[in-house]
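Undergrad: Would you mind keeping the following structure in view while I ask a few things?
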Amino acid sequence: MKKYELMYIINPTITEENRDAVVEKTNDILKAAGANILKAEKWGERKLAYPIEKRKTGYYVLVTFEIDGTSLSQVEEKLNIFEEVMRYILVKQD
């Protein structure tokens, strides 16, 4: 299993309780694909480098996890249709 980081931005108009639900749902997506979550950090609301969907801020979350590389496509498919997540990036760690 290899180590990866997932950084994603949640829509800032979502309430605090719903943000926690989005984080849990994202963690469930990772676990369903066979990931072992090592760390999940909520960075909070920050200014975006450029507007996304006419929004200037977003709620950032960073997740470090281990997963077999062949299962990543399942994770990306689910994240692409997850409306609350405005953007994400998945990076392999050395």
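The numbering of the sequence shown is the numbering used here, which starts it at 178 and goes up by one.
Glycine included, each C-beta is placed from N, C-alpha and C at the ideal position.
1) Give me, in chain order, the residues of the same chain whose beta-carbon lies closer than 7 Å to that of Ile266; leave out the 5 immediate sequence neighbours on both sides.
2) Could you tell me which uninterrupted beta strand (DSSP E) segments, each at least 3 residues in length, are contained entirely in the region 215-245, listed from first to last along the chain?
3) For Glu193 and Ala212, which I take to be in contact (beta-carbon distance under 8 Å), what is that distance rounded to the nearest angstrom?
4) Can you tell me whether DSSP reads Ile206 as helix, strand or coil?
5) Grab me the residues of Glu230's own chain with a C-beta within less than 7 Å of its C-beta, minus the 5 sequence neighbours each way, in chain order.
6) Can you tell me the Cα-Cα spacing of Glu261 and Ile191, whole angstroms?
7) Rank Leu207, Ile186, Lys202, Arg196 by C-alpha distance to the C-alpha of Asp245 and give the top, closest one.
8) Could you say which of Leu239, Leu225, Val240 lies nearest to Asp233 if we only look at CA atoms?
TA: If we stick to the structure as given:
1) Met184
2) 232-244
3) Not quite, the Cβ-Cβ distance comes to about 25 Å (not below 8 Å), so this is no contact.
4) Collapsing the DSSP output to three states places Ile206 in a helix.
5) Met263
6) 8 Å
7) Leu207
8) Going by the sequence as given, residue 233 is Lys instead of Asp. The shortest Cα separation from Lys233 among Leu239, Leu225, Val240 belongs to Leu225.
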